[in-house]
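Accompanying notes for the structure given below.
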């Protein structure tokens, strides 16, 4: 049975005036998940638009050097003057990063009070004790919580005490202080060692002796595998395994099944299933459970006992006699007077209607006078994440408008929504995004010179292209884990493929002794 919990809080401050924009370098994240799985990270943003004049640093913004470099692929050649930045150990590259950070700090030097206010607001919305629900796995209870004064959680376990079966008695005999909490993994220690950590997934072996987890210690979103022996607390030495998407233990507690990217040249790998089963999934739901007792029950069985109707809607001006067995339950009140969410259909350049979700506070928002931020992604057929985030209240309470453009290239009602915004049709995604931005301004949701944009990973290509095509539409942009062009990656991996083919025999001898 797989359970998970994710709670990310990332704060980024955006400061802008009539003539200047800048991104605040400060950010912090809080992430935790429950065994045996951890969801990948997420993104949120909190900022304030300042109308008063700001002090601009005396030094000019740093400009990276341009080094001529020619790339050739499929009979075409082009220049990439920033190819030298691929060497992240280059002293010139490190010096440039330091210059960028210094400029950002100088530009945002007068926002210290605002930053402290925003951090305090977000902390006040969080519970005093941040922890995950306890999960029972065999005789053990697993859970996570954030220690006081720490940024990252710790993964803990303890034996159950409410079911004194034979297994618990044996384990309690072996471990005298079985009620004591045991810390299995401390994210804070990993962060101190690497300076950064993003834990991907965690899996406890069925015998509770090993913990397999993936982590990203560089911010590249490429997760590497580590296995910890919980009996002695040691990390098991092994050859590096990177790019892992998911993992699971087999029942023998010795086999770890991994899902990772194919190595170059592995496109001809053959998948031979042990069993082929043909099911009609249109009318049925199937679940795969492990070490669980499953009880079946007819879905349309009639109840043997009489029941009463429980009305969950709120009636107005209606009274019921006390003898009436149909009781009434007061439902939770919404916050429509405080926060409002609207769904619009925006006409794009070719007449296609693009879904646009708009979030704002009627109390703080002012027609044609409020700043706004437009989210976009439009890649891989994935629907833009619009889940509720409490830290966005800091924006909404200051009159900001938060909007989400579900442009083509992302997920939609069917696969065609992705295909018509992919490849040679990628410009549809850009036009969709721009149309949504213009709609926010034309309809008075956002002030004309106060619209910003935000994109993550492949969404940065969308934002960057929109900025180039319509530079006067957006006042600022936030590009996280930016990915602008696939061509350099194709060029780079083509060399990896040639290297793999030339050294295939040697590399095969170095493969990990893992079962897949």
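In the UniProt record's numbering, the protein residues as written are 1 to 516. Even glycine gets a Cβ: it sits at the ideal position worked out from N, Cα and C. These figures come from a predicted structure and were not determined experimentally.
Residue from the options with nearest C-alpha to residue i
| i | options | result |
| --- | --- | --- |
| residue 341 | 417, 365 and 79 | 365 |
| residue 185 | 232, 124, 454 and 223 | 232 |
| residue 107 | 99, 190, 119 and 56 | 56 |
| residue 62 | 103, 220 and 78 | 103 |
| residue 435 | 251, 374, 79 and 258 | 374 |
| residue 338 | 360, 191, 193 and 247 | 360 |
| residue 477 | 390, 376, 438 and 418 | 376 |
| residue 439 | 223, 401 and 380 | 401 |
| residue 254 | 212, 260 and 261 | 212 |
| residue 148 | 410, 130, 251 and 483 | 130 |
| residue 70 | 59, 84, 58 and 64 | 84 |
| residue 482 | 344, 475, 150 and 463 | 463 |
| residue 200 | 59, 79 and 243 | 243 |
| residue 256 | 235, 206 and 221 | 206 |
| residue 202 | 245, 101 and 345 | 245 |
| residue 235 | 190, 461 and 119 | 190 |
| residue 117 | 67, 391 and 475 | 391 |
Extent of the continuous beta strand (DSSP E) to which residue i belongs
| i | result |
| --- | --- |
| residue 345 | 340-347 |
| residue 228 | 224-229 |
| residue 213 | 210-216 |
| residue 257 | 256-260 |
| residue 431 | Counting along the chain, residue 431 falls outside any beta strand (DSSP E), though it belongs to the alpha helix (DSSP H) covering 426-442. |
| residue 246 | 244-249 |
| residue 137 | 135-137 |
| residue 384 | Residue 384 -> no beta strand (DSSP E), and no H or E assigned at all. |
| residue 445 | Per DSSP, residue 445 belongs to no beta strand (DSSP E) and is neither H nor E. |
| residue 140 | 140-145 |
Beta-bridge partners of residue i, as assigned by DSSP
| i | result |
| --- | --- |
| residue 183 | 156 |
| residue 221 | BP columns for residue 221 are empty, so no partner. |
| residue 192 | Paired residues: none, contrary to the question. |
| residue 373 | 402 and 452 |
| residue 393 | Paired residue(s): none; residue 393 is not in a bridge. |
| residue 70 | 79 |
| residue 203 | 212 |
| residue 482 | In DSSP, residue 482 forms no bridge with anything. |
| residue 410 | 408 |
| residue 131 | 145 |
| residue 234 | 229 |
Outcome for residue i when other beta-carbon atoms lying within 10 angstroms are tallied against a minimum of 16
| i | result |
| --- | --- |
| residue 45 | Only weak support exists for where residue 45 lies, its pLDDT of 30 falling under 50; the value from the coordinates is given anyway. Flag for residue 45 reads buried. |
| residue 204 | buried |
| residue 127 | exposed |
| residue 513 | Legend: pLDDT at residue 513 = 36, less than 50; position of this residue unreliable, value from coordinates given subsequently. The residue in question, residue 513, is exposed, as its Cβ has fewer than 16 Cβ neighbours within 10 Å. |
| residue 249 | buried |
| residue 456 | buried |
| residue 425 | exposed |
| residue 152 | buried |
| residue 76 | exposed |
| residue 412 | buried |
| residue 49 | Annotation note: pLDDT 41 at residue 49 (below 50); position unreliable, no value reported. |
| residue 87 | exposed |
| residue 437 | buried |
| residue 33 | With a pLDDT of only 29 at residue 33, under 50, the local geometry of the prediction cannot be trusted, and no value is derived from it. |
| residue 209 | exposed |
| residue 430 | buried |
| residue 122 | buried |
| residue 417 | buried |
| residue 180 | exposed |
| residue 73 | exposed |
| residue 143 | buried |
| residue 458 | buried |
| residue 27 | With a pLDDT of only 29 at residue 27, under the threshold of 50, the placement of this residue in the model should not be trusted, and no figure is reported. |
| residue 259 | exposed |
| residue 428 | buried |
| residue 348 | buried |
| residue 346 | buried |
| residue 38 | In this prediction, residue 38 scores a pLDDT of 26, lower than 50, which makes its location untrustworthy; the coordinate-derived value is nonetheless stated afterwards. Buried: at least 16 other Cβ atoms inside 10 Å. |
| residue 475 | buried |
Opening and closing residue of the alpha helix (DSSP H) in which residue i lies
| i | result |
| --- | --- |
| residue 473 | Here residue 473 belongs to no alpha helix (DSSP H), and DSSP marks it neither H nor E. |
| residue 96 | 91-107 |
| residue 118 | 112-125 |
| residue 356 | Premise fails: residue 356 lies in the beta strand (DSSP E), 353-360, not in any alpha helix (DSSP H). |
| residue 417 | 416-419 |
### Task
Would you check if there are 3 or more beta carbon pairs closer than 8 Å linking the segment 436-456 to the segment 365-380?
yes
### Task
Taking 8 Å as the threshold, find out whether the segment 467-474 comes into contact with the segment 390-406 through three or more Cβ pairs.
no
### Query
Does the count of Cβ pairs from the segment 136-150 and the segment 89-99 closer than 8 Å reach three?
no
### Query
Is the segment 349-362 close to the segment 403-423, with three or more CB pairs under 8 Å?
yes
### At least three beta-carbon pairs within less than 8 Å, the segment 218-233 to the segment 182-196
yes
### Message
Count Cβ pairs between the segment 196-203 and the segment 211-221 that sit closer than 8 Å; are there 3 or more?
### Response
yes
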